[in-house]
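All remarks here apply to the structure that follows.
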Amino acid sequence: MSTLYTKDHEWVAVDGDIATVGITVYAADKLGDVVYVDLPAVGSTVAAGKIVGEIESTKSVGELFAPLDGEVVERNESVVDDPSSVNADPEGAAWLIKVRFTELPELLSAEQYAELTA
2 MSTLYTKDHE
12 WVAVDGDIAT
22 VGITVYAADK
32 LGDVVYVDLP
42 AVGSTVAAGK
52 IVGEIESTKS
62 VGELFAPLDG
72 EVVERNESVV
82 DDPSSVNADP
92 EGAAWLIKVR
102 FTELPELLSA
112 EQYAELTA
């Protein structure tokens, strides 16, 4: 499983034709304490670059962008129930959605993302 990144501070872990999507540690730190997470419904279609959800913190509201085209096959209900988990483990247990995709767009490598956030 390889992990790639977007310029919108999301990580994408690819396993076959399923991409697990979440926000990066960098994004979680910038947001501050997350208090609300809104995710797309299972079965909904998402398009790369389009808003698919929202992450609210005590500091601001951040939009969740789809990093690729596809169908949402799973959403992390535990993050919806306990939004603070996004701060605790944004690149692990607090993944947001899983998307079945047909084509992987060009995304950033870990090195490229590190340069972007340096």
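Going by my numbering, the sequence shown opens with residue 2, and the numbers climb by one from there.
Ideal Cβ placement from N, Cα and C applies to all residues, glycine included.
Computed from a predicted model, the values in this text were never measured in an experiment.
Where does residue i fall in DSSP's three states?
i	result
residue 7	coil
residue 14	strand
residue 104	coil
residue 99	strand
residue 94	coil
Thinking C-beta only, is residue j closer than 8 Å to residue i?
i	j	result
residue 97	residue 15	no
residue 70	residue 48	yes
residue 40	residue 52	no
residue 101	residue 74	yes
Which residue or residues does DSSP assign as beta-bridge partners of residue i?
i	result
residue 39	55
residue 47	71
Buried or exposed: which applies to residue i, given that a residue is buried once 16 or more other Cβ atoms fall within 10 Å of its Cβ?
i	result
residue 38	buried
residue 99	buried
residue 62	exposed
residue 78	exposed
residue 33	exposed
What does a CB cutoff of less than 6 Å around residue i pick up in its chain, not counting 5 residues either side in sequence?
i	result
residue 46	72
residue 86	80, 95
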